[in-house]
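Numbering-wise, the sequence shown is residues 33 to 376 according to my numbering.
Glycine included, C-beta positions come from ideal geometry on N, C-alpha and C.
The block underneath contains the structure these notes are about, expressed in structure tokens.
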Amino acid sequence: MQTQSLTIRRPDDWHLHLRDGDLLSAVAPYSARQFARAIIMPNLLPPVTTASAADAYRSRIRAAAGEGFEPLMTCYLTDQADPDELERGFREGIWVAAKLYPANATTNSAHGVTDIARLRPALERMQRIGMLLLVHGEVTDPEIDIFDREAVFIDRVLTGLLRDYPELKIVFEHITTADAAKFVAEGPSQLAATITPQHLHLNRNALFAGGIRPHAYCLPVVKREKHRLAVRAAAVSGSPKFFLGTDSAPHLRETKETGCGCAGIFNAPHALESYLTVFEEERALDRFEAFASEHGARFYGLPLNEGTITLEHSPTTVAEAVDAGASTLVPFHAGETLAWRMTS
Ligand code: DOR
Ligand code: ZN
């Protein structure tokens, strides 16, 4: 018999871009409706590199999201990352992790790290104090094909990080390939990964379906079908190393639908319904709660949430666009109907 409703512990989003100002006000309520907590990405302009900037940003997020939503802040690592500042912000409870963007890998990453060797003092300190490292796992070498950048990152960077910092907890963010799924599944217990809804639903044909599709463009870019299937298998495997991280990354419509469109998919409005559709298709509804509400918190060493949410098997039609001040955002699954609906 078909499952009609699913009640699970309140979930968390372990990878989220909320932006700032008017855009923050427009998007934060969508995440707050579904998630108790979220790891907030620090790639603002300028990036969030100090504890005081993170603290102020956290206040703005709380004001935009309302009661009952806890932003978990991260520090943006640069070549100049200061171990003392990292430790101070961590001990004061301002941030829980630091994000490594290889320089110019993606949106607002110009200040990112040019050479991992320069991070040694920061990473040694993080390892010592138990602060997590979150990585955007793509090399930026222009010689490397964009579809291979994640797999090459494993060989050129991640393997060495795990070897050199065996006690450092690392989250390989938004994995997109069979290579990454296998590497994480078979890797040491210090390593875990987040998985987005778009990498479960889309393969690279989606970028060119009947014409160029800017709203299917994110980084890491969606890959071949065999990779999508491997990432789906990882998500529903029940392994505690894989957990929910939407990477919802809003960009105004006019900055996506243009000659050089921004990378990022705004999936916040129906993230849970989107994931749940996949778990149902994979006959793994019984594993959804652990993926959405348990594995991430355990890996971060944080308590599980109290309270529950309920999703019902009833159709949700996704809007073609949502308002964001003077402009609009085109959400993931725009105009489609999803089989599930979050009711409470
Ligand atoms: O598609 C993406 N968008 N990937 C990222 O890594 C960054 C994000 C953004 O901030 O827009
Ligand atoms: Zn991201």
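- Close CB contacts of R260 within its chain, under the 6 Å cut and outside five residues either way in sequence, are with N235 (chain order).
- The stretch 222 to 299 is shown to contain whole alpha helix (DSSP H) runs of 4 or more residues at 230 to 233, 257 to 268, 285 to 288, in chain order.
- Under the Cβ criterion (8 Å, minimum of three pairs), the stretch 115 to 133 counts as touching the stretch 157 to 164.
- Between the alpha carbons of Y108 and L239 lies a gap of roughly 29 Å.
- Considering only K273, S269, N237, the residue with the shortest C-alpha distance to R256 is N237.
- In the same chain as I40, and ignoring 5 residues on each side of it, the C-beta atoms closer than 6 Å to its own belong to E321, S325, in chain order.
- If one requires a minimum length of 3 residues, the beta strand (DSSP E) runs lying completely within the stretch 118 to 180 are 127 to 132, 164 to 167, in chain order.
- In the DSSP assignment, E102 falls within the unbroken beta strand (DSSP E) covering 102 to 108.
- Residue side-chain check: E205 places its Cβ nearer than 8 Å to a non-hydrogen atom of the ligand ZN.
- Contact check for T208 and E182: beta-carbon distance about 6 Å, within the 8 Å limit, so the pair qualifies.
- Straight-line measurement puts the Cα of P301 at about 13 Å from the Cα of T360.
- In terms of Cβ geometry, E344 and T375 form a close pair [threshold 9 Å].
- Taken in chain order, the unbroken stretches of alpha helix (DSSP H) that lie wholly in the stretch 43 to 120 and span 4 residues or more are 53 to 66, 83 to 97.
- Contact annotation, T228 with G293: C-beta distance approximately 18 Å; criterion of less than 8 Å not satisfied.
- For R195, the uninterrupted alpha helix (DSSP H) segment begins and ends at 191 to 196.
- Cβ contact annotation for T110 (same chain, cutoff 8 Å, sequence separation greater than five): P79, T81, H143, G144, V145, in chain order.
- F204 is bridged by DSSP to V167, A225.
- Taking 9 Å as the cut-off, the beta carbon of L48 is found closer than this to the beta carbon of A70.
- For R41, the enclosing beta strand (DSSP E) starts and ends at 37 to 41.
- T138 and A356 do not touch by the CB rule: their CB atoms are close to 21 Å apart, not below 8 Å.
- For the set P43, Q159, R245, the Cα lying nearest the Cα of H365 is the one of R245.
- Here the C-alpha atom of A265 lies approximately 28 Å from the C-alpha atom of R65.
- The continuous stretches of alpha helix (DSSP H) do not include L334, and DSSP gives it neither H nor E.
- Beta-carbon to beta-carbon, A371 and E312 are separated by about 7 Å, close enough to satisfy the 8 Å threshold.
- Near the ligand ZN, residues with a Cβ at less than 6 Å from any of the ligand's heavy atoms are H47, H49, M73, D279, A281; the list follows chain order.
- The residue from P153, A241, L194 with its alpha-carbon nearest to that of E218 is L194.
- When the beta-carbon positions are compared, V216 and A129 stay at least 9 Å from each other.
- For D355, there is no enclosing alpha helix (DSSP H); the residue is found in the beta strand (DSSP E) stretching over 354 to 356.
- Here T309 carries a helix assignment [DSSP, helix/strand/coil].
- Setting aside the 5 residues that flank it on each side, P43 is surrounded in the same chain by F67, A324, S325, each with a C-beta closer than 6 Å to its C-beta; the list follows chain order.
- For R373, DSSP records a beta bridge to E344.
- For T209, no pairing in a beta bridge is given by DSSP.
- Distance from the CA atom of N337 to the CA atom of I186, rounded to whole angstroms, is 32 Å.
- For R94, the CB contacts under 7 Å within the same chain, skipping 5 residues up- and downstream, are P103 in chain order.
- In the three-state scheme derived from DSSP, where H, G and I count as helix and E and B as strand, P363 is classed as strand.
- Not one heavy atom of the ligand DOR falls within 8 Å of the beta-carbon of N299.
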